[in-house]
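A.B. asks: Next up is a structure, given as C-alpha cells.
In UniProt numbering, the protein residues as written are 1 to 165.
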C-alpha cells in the first residue's frame, strides 16, 4: 500500500464531504498531514476539521505561493512524525509551538484575542486557534466571550496556569 506524504481535501466534494473523508483517512493513517481547502470561512467548520485530525485549513481561492508553503510545512510535519511519534503532544500539536504560545499567554497581564497573538507570534490564525482549543480542552485556558451589538461574540483568552510544561 502506498502511503501519501500529504493529503489535500476540499470540504465540498461529491458523495463524501471533507469531514467524512478525514474520518476515513484517520482510520487508515493517524499521522499523514491533511490540508483542508474550502470557501466556507466559518470558524465552527475549521474547528470541526481540526478536531477530526486535519493539520491545516486554508480558504479558497488560495494563491499558489501560500498553498506551496502550506504543503512544504505539512511535508515537514509528516517527516517529523514518521521519525519520532513523540514530536506531537496530540494530533497537530507540536511541543515547541505549544510552549511558545503558553509563554506568550503567561506574559500577558490581561486576556488577549487570537488577532493579538497573530500580530506578536510567527504562527497563523488557524494554528493559534487549534492550540487554544487544545489548551481549553486540557483545562488550561479561560475563554471570555464579549458580546457586541452585532455579529459574532469576540473571544478573549487567559492562561489558567502559571507554569510551563
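The C-beta atom is built at its ideal place from N, Cα and C for all residues, glycine as well.
According to DSSP, simplified to helix, strand and coil, what is residue 29?
C.D. replies: Taking the first residue of the chain shown as 1, we reach residue 29 at position 29. Coil at residue 29, not helix or strand.
A.B. asks: Just to check my reading of the structure: residue 102 and residue 159 have Cβ atoms closer than 8 Å, yes? What is that Cβ distance to the nearest angstrom?
C.D. replies: Taking the chain shown and counting its residues from 1, the one referred to as residue 102 is at position 102. Taking the chain shown and counting its residues from 1, the one referred to as residue 159 is at position 159. Contact flag correct, Cβ pair sits at about 6 Å.
A.B. asks: Using the C-alpha atoms, what's the distance from residue 137 back to residue 66?
C.D. replies: Your numbering for residue 66 matches position 66 in the chain shown. Your numbering for residue 137 matches position 137 in the chain shown. Their backbone Cα atoms lie some 30 Å apart in a straight line.
A.B. asks: Do you know offhand how far residue 18's Cα is from residue 40's?
C.D. replies: To locate residue 18, count along the chain shown from 1; it is residue 18. To locate residue 40, count along the chain shown from 1; it is residue 40. Computed Cα separation, rounded: 12 Å.
A.B. asks: When you compare the segment 26 to 37 with the segment 53 to 68, are there three or more beta-carbon pairs, one atom per stretch, that lie closer than 8 Å?
C.D. replies: Counting Cβ pairs under 8 Å, three or more are found: they touch.
A.B. asks: Give the DSSP-derived three-state secondary structure of residue 84 in the structure shown.
C.D. replies: Translated into positions along the chain shown, residue 84 becomes position 84. Residue placement at residue 84 is flagged as unreliable, the pLDDT there being 49, under the threshold of 50; the coordinate-derived value follows with that caveat. DSSP places residue 84 in coil when its eight states are reduced to three.
A.B. asks: Bridge partners for residue 59 per DSSP, in chain order?
C.D. replies: Along the chain shown, one-based indexing puts residue 59 at 59. Per DSSP, 38.
A.B. asks: In the DSSP output, which residue or residues are listed as bridge partners for residue 154?
C.D. replies: Walking along the chain shown from the start, residue 154 turns up at place 154. DSSP, once it has assigned bridges, lists 146 as partnering residue 154.
A.B. asks: Please name the residue in 99, 120 and 52 whose C-alpha comes closest to that of residue 25.
C.D. replies: Position 25 of the chain shown, counted from the start, is the residue given in the question as residue 25. With distances taken between Cα atoms, residue 25 lies closest to 52.
A.B. asks: On the DSSP bridge list, what partners appear for residue 159?
C.D. replies: By one-based count along the chain shown, residue 159 stands at place 159. Note: residue 159 sits in a beta bridge opposite 141.
A.B. asks: With respect to the beta strand (DSSP E) encompassing residue 47, which residues constitute its N-terminal and C-terminal limits?
C.D. replies: Your numbering for residue 47 matches position 47 in the chain shown. Run containing residue 47: none in the beta strand (DSSP E); it sits in the alpha helix (DSSP H), 43 to 52.
A.B. asks: In or out: residue 70 buried (at least 16 other Cβ within 10 Å) or exposed?
C.D. replies: Your numbering for residue 70 matches position 70 in the chain shown. When all chains shown are included, residue 70 counts as buried.
A.B. asks: Using a Cβ-Cβ cutoff of less than 8 Å, which residues in the same chain neighbour residue 57 once the five nearest sequence positions on both sides are dropped?
C.D. replies: Position 57 of the chain shown, counted from the start, is the residue given in the question as residue 57. Around residue 57: 35, 36, 38, 46, 49, 50 and 126.
A.B. asks: What are the boundary residues of the beta strand (DSSP E) that residue 7 is part of?
C.D. replies: Looking up residue 7 in the chain shown gives position 7. 7 to 10 is the span of the beta strand (DSSP E), which, as asked, contains residue 7.
A.B. asks: Kindly indicate which three-state DSSP category residue 123 falls into: helix, strand or coil?
C.D. replies: Along the chain shown, one-based indexing puts residue 123 at 123. Residue 123 falls in the coil class under three-state DSSP.
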